[in-house]
Amino acid sequence: MTEPLFLKGAVKDYIWGGNRLKTAFGKESDSENIAESWELSCNENGICTVMNGSGKGLSLTEYIEKHGAVNVLGEDCLRTESVPIIKLIDAKEPLSVQVHPNDDYARKKGFRCGKSEMWYIIDAEEGAELVLGVNKCLAEEELRQHIADGTVERVLRHVPVKKGDVFFIPAGTLHAIGKGILLAEVQQNSDITYRVYDYNRRDAKGNLRELHIEDAMKAVSLKPVSTEGVVCSLPEEKMVWGSKKLLCGCDYFVTSLEKVNRRVTRQGMQNVYRHFLVLEGKGTLTVEGVSYEMKKGDSILLPPMNGDYCMDGELEYLSTFSLDAEE
28 MTEPLFLKGA VKDYIWGGNR LKTAFGKESD SENIAESWEL SCNENGICTV MNGSGKGLSL
88 TEYIEKHGAV NVLGEDCLRT ESVPIIKLID AKEPLSVQVH PNDDYARKKG FRCGKSEMWY
148 IIDAEEGAEL VLGVNKCLAE EELRQHIADG TVERVLRHVP VKKGDVFFIP AGTLHAIGKG
208 ILLAEVQQNS DITYRVYDYN RRDAKGNLRE LHIEDAMKAV SLKPVSTEGV VCSLPEEKMV
268 WGSKKLLCGC DYFVTSLEKV NRRVTRQGMQ NVYRHFLVLE GKGTLTVEGV SYEMKKGDSI
328 LLPPMNGDYC MDGELEYLST FSLDAEE
């Protein structure tokens, strides 16, 4: 029997986080605020937990080990390293200006892969903006000097954002999520971040947060990124059951935004899993005659299957799968 896995995300309490993941998405934490919830993750720094069925209480990696990657992830994604991390992020305050390494540099440093990522803006306060690369071509020493002087914001590209915007952030791009933004992030299975500027903020112990200038200089791109390469402008495709829009198709994952407003029967994917992150609404998912309630905030991994599954209700969700990047 194919059993969908309802997952409990690993929550993170960082100094810039707010409380909307609690109030809007029902996430739980002993901390006052939640900055991030890792809704799909096999990464050792934040592994999801299975909440239902025969695997209830197991970590997702334990469940995969018990049942076999081919049965949980599919023959086209046999390594947990290829499963992306999918997060909900609530930025009450701006994140640090940072950069992630590409695969080559990450492996030189002993990590499995680098980190490219996609952002889908769920909501944004009026005037909210992102940092997306530099605003002109820079020499390395020029960027170093701006960092040392505390003037790095002068050479950053600030991009206004609104609900529904989509951005792909290639590894090597200086970036930061701005204040007042709630978003979903789909990224490579990596937790490597090199900070270059953090507004002179101090942590709970009163210490300035660590910067990683030397690694950042080796990882960063000193040229502006092309808008065409990072902003999704694909049209929404209307369906009899709702709509579908491809947000990102890259070497590491494929993510679509789907909206369901009536009962629909769909063909399961035989060779790879599919993950649903419910952003709005409620409804049911029916697999092999068994129905499961779905609601806003749910994270569901549907293993590969030969048959059909059904969705019904009023739902808006991100649908993601990945293929083994090594194959």
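Numbering (the working numbering), first residue to last: 28 to 354.
For each residue, glycine too, the CB sits at the ideal point set by N, CA and C.
Under the rule that 16 or more other beta-carbon atoms within 10 Å means buried, what is residue i, buried or exposed?
i    : result
G154 : exposed
H173 : buried
A211 : buried
V267 : exposed
E354 : Only weak support exists for where E354 lies, its pLDDT of 48 falling under 50; the value from the coordinates is given anyway. Exposed: under 16 other Cβ atoms inside 10 Å.
C275 : buried
P331 : buried
S283 : buried
R301 : buried
D325 : buried
L34  : buried
P262 : exposed
Going by beta-carbon coordinates alone, are residue i and residue j separated by less than 8 Å?
i    : j    : result
K142 : S64  : no
V223 : I208 : no
K323 : L312 : no
S270 : K286 : yes
I149 : K190 : yes
S68  : A37  : yes
E30  : S81  : yes
V252 : L159 : yes
V124 : L235 : no
P128 : I219 : yes
Considering only DSSP beta bridges, list what residue i is partnered with.
i    : result
F303 : I327, S346
Y336 : R293, V314
I148 : L210
S64  : V38, L115
E341 : K309
P251 : Partner(s): none; P251 has no beta bridge.
R229 : L235
M266 : G269
C275 : T282
E320 : T311
V77  : L34
Go to residue i, then tell me how far its beta strand (DSSP E) extends in each direction, as first and last residue.
i    : result
V287 : 281-287
M244 : That residue, M244, is in no beta strand (DSSP E); its alpha helix (DSSP H) goes 240-246.
R139 : Premise fails: R139 is in no beta strand (DSSP E) and is neither H nor E.
E71  : E71 -> no beta strand (DSSP E), and no H or E assigned at all.
L157 : 156-161
Q125 : 124-126
V193 : 193-196
If you follow the alpha helix (DSSP H) that residue i is part of, which residue opens it and which one closes it?
i    : result
I174 : 167-176
D89  : The sequence as given places Glu at residue 89; Asp does not occur at that position. Start and end: 87-94.
L201 : Careful: L201 lies outside any alpha helix (DSSP H) and carries neither H nor E.
L183 : Unbroken run through L183 is the beta strand (DSSP E), 183-187; no alpha helix (DSSP H).
R222 : From DSSP, R222 is part of no alpha helix (DSSP H) but of the beta strand (DSSP E) over 221-224.
L48  : 47-50
Taking 7 Å as the cut-off, is the C-beta of residue i nearer than that to any heavy atom in the ligand COA?
i    : result
K163 : In the structure shown, the ligand COA is absent, as is every other ligand, since no ligand is present at all.
Just confirm the distance between the C-beta atoms of residue i and residue j, as a whole number of angstroms; I'd bet it's less than 8 Å.
i    : j    : result
A299 : L345 : The sequence given here places Val at residue 299; Ala does not occur at that position. That pair is no contact at about 16 Å.
A243 : V161 : Contact flag wrong, Cβ pair sits at about 13 Å.
So that I know if they touch, is there some Cβ in chain C lying closer than 8 Å to that of residue i?
i    : result
S253 : Here there is only one protein chain, and chain C is not present.
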